[in-house]
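In the order they appear, the protein sequences are chains A and B. Numbering-wise (this note's numbering), the first sequence opens with residue 4 and increments by one. Numbering-wise (this note's numbering), the second sequence opens with residue 4 and increments by one. Even glycine gets a Cβ: it sits at the ideal position worked out from N, Cα and C.
There are 2 protein chains.
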Amino acid sequence: MKFELTILGCGSAVPLKHRNCTAQVLNVLERYFLIDCGEGTQHQLRKYGIPYNKINHIFISHLHGDHFFGLIGFLSSLSMQNRKGEMHIYADARLERLINFQFELLRSKLSYPLVFHSLTREPSLIFEDGVVTVESFPLKHRPEAPSCGFLFKEKSRKRTILKQAAADAKVPVAFMQYLQMGEDYITPEGVVVPNSELTIDPPASRSYAFVSDTLYSPKVAEYVQGVDMLYHEATYCHELLKMAKLNYHTTAAQAADIALKANAKQLIVGHYSSRYPDPEPVIQEARTIFSNTYGAEDGLVFEIPLEKRKFVVNN
Amino acid sequence: MKFELTILGCGSAVPLKHRNCTAQVLNVLERYFLIDCGEGTQHQLRKYGIPYNKINHIFISHLHGDHFFGLIGFLSSLSMQNRKGEMHIYADARLERLINFQFELLRSKLSYPLVFHSLTREPSLIFEDGVVTVESFPLKHRPEAPSCGFLFKEKSRKRTILKQAAADAKVPVAFMQYLQMGEDYITPEGVVVPNSELTIDPPASRSYAFVSDTLYSPKVAEYVQGVDMLYHEATYCHELLKMAKLNYHTTAAQAADIALKANAKQLIVGHYSSRYPDPEPVIQEARTIFSNTYGAEDGLVFEIPLEKRKFVVNN
Numbered sequence: 004m005k006f007e008l009t010i011l012g013c014g015s016a017v018p019l020k021h022r023n024c025t026a027q028v029l030n031v032l033e034r035y036f037l038i039d040c041g042e043g044t045q046h047q048l049r050k051y052g053i054p055y056n057k058i059n060h061i062f063i064s065h066l067h068g069d070h071f072f073g074l075i076g077f078l079s080s081l082s083m084q085n086r087k088g089e090m091h092i093y094a095d096a097r098l099e100r101l102i103n104f105q106f107e108l109l110r111s112k113l114s115y116p117l118v119f120h121s122l123t124r125e126p127s128l129i130f131e132d133g134v135v136t137v138e139s140f141p142l143k144h145r146p147e148a149p150s151c152g153f154l155f156k157e158k159s160r161k162r163t164i165l166k167q168a169a170a171d172a173k174v175p176v177a178f179m180q181y182l183q184m185g186e187d188y189i190t191p192e193g194v195v196v197p198n199s200e201l202t203i204d205p206p207a208s209r210s211y212a213f214v215s216d217t218l219y220s221p222k223v224a225e226y227v228q229g230v231d232m233l234y235h236e237a238t239y240c241h242e243l244l245k246m247a248k249l250n251y252h253t254t255a256a257q258a259a260d261i262a263l264k265a266n267a268k269q270l271i272v273g274h275y276s277s278r279y280p281d282p283e284p285v286i287q288e289a290r291t292i293f294s295n296t297y298g299a300e301d302g303l304v305f306e307i308p309l310e311k312r313k314f315v316v317n318n
Numbered sequence: 004m005k006f007e008l009t010i011l012g013c014g015s016a017v018p019l020k021h022r023n024c025t026a027q028v029l030n031v032l033e034r035y036f037l038i039d040c041g042e043g044t045q046h047q048l049r050k051y052g053i054p055y056n057k058i059n060h061i062f063i064s065h066l067h068g069d070h071f072f073g074l075i076g077f078l079s080s081l082s083m084q085n086r087k088g089e090m091h092i093y094a095d096a097r098l099e100r101l102i103n104f105q106f107e108l109l110r111s112k113l114s115y116p117l118v119f120h121s122l123t124r125e126p127s128l129i130f131e132d133g134v135v136t137v138e139s140f141p142l143k144h145r146p147e148a149p150s151c152g153f154l155f156k157e158k159s160r161k162r163t164i165l166k167q168a169a170a171d172a173k174v175p176v177a178f179m180q181y182l183q184m185g186e187d188y189i190t191p192e193g194v195v196v197p198n199s200e201l202t203i204d205p206p207a208s209r210s211y212a213f214v215s216d217t218l219y220s221p222k223v224a225e226y227v228q229g230v231d232m233l234y235h236e237a238t239y240c241h242e243l244l245k246m247a248k249l250n251y252h253t254t255a256a257q258a259a260d261i262a263l264k265a266n267a268k269q270l271i272v273g274h275y276s277s278r279y280p281d282p283e284p285v286i287q288e289a290r291t292i293f294s295n296t297y298g299a300e301d302g303l304v305f306e307i308p309l310e311k312r313k314f315v316v317n318n
């Protein structure tokens, strides 16, 4: 029942010895979502032991090289391993043209189908299955490389049945699904047993938001309101605000402000400028504003545990 | 006066944890030539401390991803560092189309000019300056990805003047350049002082050949005849000859045979299949046929020292 983020790279622009360009993997109950894919991402997937064959969905925030130059190599390597299943790519529509042009020019083919999904400038539901939804939302980056963020949310679970209480009330098996949906049980004698005596709240749904390259934008806080874990780019410390604006980036203080406004439970900062080989100043700056701040680091794993609700007896 | 090869990657197809895709740097007297550029090459350049800003010439053997997917990232990173000097790229003509398409589609530009040089299917002199020449020669690889090898040769040096002997013979300064070219000195009195008494042979010119993906081809031995150091792909051991033929590759025994036929002084094998995480069987197989065989390994440096000629007095 994992909900776990692995940082594969958290630098900006150019790779450093100890810090690769942007890429992350989010594991939601053994669904592996790849988020951005800077050069060397396939190396990092191997290094950190991610079962990369299970990745079926790749989300590319925008078309700057440090966020997607590793894609073509990763796709090609999967093909060399004779992958058959569809790979879904969510990105700027130009990426499809670029990849198709390259494969046609080089007269090469993948062993499996690529399915492209174009990102738009409107908040959109871009993926959904039985347990998770993924939404994209627009960020404010350079005009030539429109950028999107992604919000991953577990769907609500069914209510958890208290087995002993249900047995005591002699709830028939066929009715259990209605209990899970919150209905009261009415005995053959017409006695109403309130649902609250037979079930407890399910574990809370978990959520993660990835906010890629962007100018400070309070609108982002609306898109990710109440998120459990927020990754926000924090390329510079606030003393370099002018440079942040010039380069369409956010400062650590601004990232923390977004986390506050969004009522996020936890903030991860990353996408550090190469001027911070040690990102501690960035992390500390954000932490003074939003205390539950962590610094991204290649290989670091952030897990959101499943919070089981306890049955509280009212006396 | 270095002539030094650094292996940046020596695997085939997909990167392994300890072995990157193909790339090498040859340093000829502080000219840094990049040969192939698999994904992660810029990471390796940093890791092994190569002054990559000095690279002005990149040679791409063929357009399979494991030999060039790192190029776009490397070029982009140099641009982010505001490089100004021309970068020369020697490759299949399609690479120029691909790179231009990508930059136009993404509306991005480099801070410096790219100069493309198309490789042909004929042996050709593709680069020359005061001290070194580079020739390309055709290999036999997949039809969709014609492959070339590269031969780097120092030019002949001028003869080394024996200072004391020249002083004793009272050779005028203005004549020294003729001595270096091998002329005898004739004194004002008409006495001929043979050049052999005034100079010795210069250090031998050094040479390196890179033989990329290819079927076994004895013709290669002609192209690289007498080379000092030969890198030859040896993807498989000879027991997998059928697979080597199927995939247009060479076995270790065949690579060693080419080294023998070429009268090479030294053989380096590489481009190991991922089925050999430890390439020792490949290296040993080649060594039984050509004893002066070494195995490539990421980060390994092979130097050809300058062999100074000694003045031998005839008694």
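Length of the line joining the Cα atoms of V285 of chain B and N85 of chain A: Looking up residue 285 of chain B in the second sequence gives position 282. Looking up residue 85 of chain A in the first sequence gives position 82. Taking the straight line joining both Cα atoms gives about 25 Å.
Stretch pair the stretch 144–158 of chain A + the stretch 174–190 of chain A: three plus CB contacts closer than 8 Å: Result no; under three Cβ-Cβ pairs closer than 8 Å.
C-alpha distance - Y93 of chain A paired with D171 of chain A, whole-angstrom precision: Translated into positions along the first sequence, residue 93 of chain A becomes position 90. Translated into positions along the first sequence, residue 171 of chain A becomes position 168. One C-alpha to the other measures close to 50 Å.
Where F293 of chain B sits in the DSSP three-state scheme: Within the second sequence, the letter at position 290 stands for residue 293 of chain B. In this structure, F293 of chain B counts as coil in the three-state DSSP scheme.
Boundaries of the alpha helix (DSSP H) in which I102 of chain A is found, first to last residue: Locating residue 102 of chain A in the first sequence gives position 99, where the first residue counts as 1. Per DSSP, I102 of chain A belongs to the alpha helix (DSSP H) from R97 to L108.
Rounded straight-line distance, which links the Cα of E131 of chain B to that of D231 of chain B: Position 228 of the second sequence, counted from the first residue, corresponds to residue 231 of chain B. Position 128 of the second sequence, counted from the first residue, corresponds to residue 131 of chain B. Approximately 19 Å, taken between the alpha carbons.
Residues near E186 of chain B in its chain [Cβ-Cβ closer than 7 Å; skip 5 each side]: For the purposes of this step, residue 186 of chain B is identified with residue 183 of the second sequence, where counting begins at 1. Only N198 meet the Cβ criterion.
Residues near F140 of chain B in its chain [Cβ-Cβ closer than 6 Å; skip 5 each side]: Translated into the one-based positions of the second sequence, residue 140 of chain B becomes position 137. Hits under 6 Å: P126, G152 and Y226.
Inter-stretch contact (C-beta, 8 Å, three-pair minimum) for the stretch 243–258 of chain B and the stretch 29–46 of chain B: Contact between the stretch 243–258 of chain B and the stretch 29–46 of chain B is absent, with fewer than three C-beta pairs closer than 8 Å.
First and last residue of the uninterrupted alpha helix (DSSP H) at A94 of chain B: For the purposes of this step, residue 94 of chain B is taken as residue 91 along the second sequence, with counting starting at 1. For A94 of chain B, there is no enclosing alpha helix (DSSP H); the residue is found in the beta strand (DSSP E) stretching over M90 to A94.
Outcome for Q47 of chain A when other beta-carbon atoms lying within 10 angstroms are tallied against a minimum of 16: Locating residue 47 of chain A in the first sequence gives position 44, counting from the first residue. Classification for Q47 of chain A: buried.
D69 of chain A - containing alpha helix (DSSP H), residue span: The residue given as residue 69 of chain A occupies position 66 in the first sequence. DSSP places D69 of chain A inside the alpha helix (DSSP H), whose first and last residues are G68 to F71.
Ordered list of alpha helix (DSSP H) runs contained in the stretch 206–233 of chain B, each at least 4 residues: Complete alpha helix (DSSP H) runs here, min 4: 222–226.
T9 of chain A to E242 of chain B span [Cα, whole Å]: As a first step, residue 9 of chain A is located in the first sequence; it is residue number 6 there, counting from the start. As a first step, residue 242 of chain B is located in the second sequence; it is residue number 239 there, counting from the start. Distance between the alpha carbons of T9 of chain A and E242 of chain B is about 41 Å.
Range covered by the alpha helix (DSSP H) that runs through E192 of chain B: Along the second sequence, one-based indexing puts residue 192 of chain B at 189. Segment: none, E192 of chain B is in no alpha helix (DSSP H) and carries neither H nor E.
L78 of chain B versus L113 of chain B - alpha carbon distance: The sequence position of residue 78 of chain B within the second sequence is 75, counting from 1. The sequence position of residue 113 of chain B within the second sequence is 110, counting from 1. When rounded, the distance between both Cα atoms is 8 Å.
Sufficient close CB pairs (3 or more, under 8 Å) joining the stretch 293–302 of chain A to the stretch 195–214 of chain A: Taking 8 Å as the limit for Cβ pairs, the verdict is that the stretch 195–214 of chain A does not touch the stretch 293–302 of chain A.
Own chain partners of L29 of chain A with C-beta closer than 7 Å, once the 5 adjacent residues on each side are dropped: If you number the first sequence from 1, residue 29 of chain A lands on position 26. Contacts found: L8, F36, I38, F155 and Y211.
Contact under 8 Å by Cβ, E42 of chain B with G73 of chain B: Sequence index remark: in the second sequence, residue 42 of chain B carries index 39 (1-based). Sequence index remark: in the second sequence, residue 73 of chain B carries index 70 (1-based). By the CB criterion at 8 Å, E42 of chain B and G73 of chain B fall inside the cutoff.
Neighbourhood of P116 of chain B by C-beta, 6 Å cutoff - its chain only, sequence neighbours within 5 removed: Here residue 116 of chain B refers to the residue found at position 113 when the second sequence is read from its first residue. Same-chain partners within the cutoff: E89.
According to DSSP, residues forming a beta bridge with K156 of chain B: Taking the second sequence and counting its residues from 1, one reaches residue 156 of chain B at position 153. DSSP lists B:T136 and B:S210 as partners of K156 of chain B.
Start-to-end residues for the alpha helix (DSSP H) that takes in I53 of chain A: Translated into positions along the first sequence, residue 53 of chain A becomes position 50. Per DSSP, I53 of chain A belongs to no alpha helix (DSSP H) and is neither H nor E.
Where the alpha helix (DSSP H) containing A168 of chain A begins and where it ends: Here residue 168 of chain A corresponds to residue number 165 of the first sequence, with the count starting at 1. It spans K166 to D171 - the alpha helix (DSSP H) in which A168 of chain A sits, taken as one unbroken run.
From A:Y51, A:A237, A:G229 and A:F104, residue whose alpha carbon lies closest to that of E283 of chain A: Taking the first sequence and counting its residues from 1, one reaches residue 283 of chain A at position 280. For the residues A:Y51, A:A237, A:G229 and A:F104, the minimum Cα distance to E283 of chain A belongs to A:A237.
Whole-number beta carbon distance between H91 of chain A and S215 of chain A, since they are thought to touch under 8 Å: Here the question's residue 215 of chain A lines up with position 212 in the first sequence. Here the question's residue 91 of chain A lines up with position 88 in the first sequence. Wrong, their Cβ atoms sit about 18 Å apart, outside the cutoff.
According to DSSP, residues forming a beta bridge with F6 of chain A: For this step, residue 6 of chain A is matched to residue 3 along the first sequence. Assignment of beta-bridge partners to F6 of chain A by DSSP yields A:V31.
T9 of chain B at chain A interface by Cβ criterion, 8 Å: By one-based count along the second sequence, residue 9 of chain B stands at place 6. Using beta-carbon distances, T9 of chain B does not count as an interface residue toward chain A, since no partner is under 8 Å.
Residues near V31 of chain A by beta carbon distance below 6 Å, same chain, minus five either side: Along the first sequence, read from residue 1 onward, the residue named residue 31 of chain A stands at position 28. Result list for V31 of chain A: F6 and V135, in chain order.
Which listed residue (A:S121, A:A267 and A:R209) has its alpha carbon closest to that of E306 of chain A: For the purposes of this step, residue 306 of chain A is taken as the residue at position 303 of the first sequence. Comparing Cα-Cα distances from E306 of chain A to each of A:S121, A:A267 and A:R209, the minimum goes to A:R209.
Rounded Cβ spacing between K264 of chain A and T217 of chain A (contact assumed at less than 8 Å): Stepping through the first sequence from its first residue, residue 264 of chain A is reached at position 261. Stepping through the first sequence from its first residue, residue 217 of chain A is reached at position 214. Not confirmed; about 14 Å, so no contact.
Burial state of Q228 of chain B (16 or more Cβ within 10 Å): By 1-based counting over the second sequence, the position of residue 228 of chain B is 225. Around the beta carbon of Q228 of chain B, fewer than 16 other beta carbons lie within 10 angstroms, which makes this residue exposed.
Beta carbon proximity, N317 of chain A to chain B, threshold 8 Å: Position 314 of the first sequence, counting from 1, holds the residue named residue 317 of chain A. Below a pLDDT of 50, predicted positions are generally treated as unreliable, and N317 of chain A, at 49, falls in that range; the measurement from the model is reported next regardless. So no, N317 of chain A is outside the interface.
C-beta neighbour in chain B for E147 of chain A, strict 8 Å: Working through the first sequence from its first residue, we reach residue 147 of chain A at position 144. Closer than 8 Å: yes.
Chain A contact residues for P18 of chain B, given Cβ-Cβ distances below 9 Å: Stepping through the second sequence from its first residue, residue 18 of chain B is reached at position 15. Correct list: G43, Q45, H46, R49, G76 and S80.
Cβ neighbours of F293 of chain A in the same chain (closer than 7 Å, five flanking residues each side left out): Here residue 293 of chain A refers to the residue found at position 290 when the first sequence is read from its first residue. Cβ within range, chain order: A259, A262, L263 and L270.
Rounded C-alpha distance that separates E147 of chain B from A224 of chain B: Locating residue 147 of chain B in the second sequence gives position 144, where the first residue counts as 1. Locating residue 224 of chain B in the second sequence gives position 221, where the first residue counts as 1. Using only the alpha carbons, I get a separation of about 24 Å.
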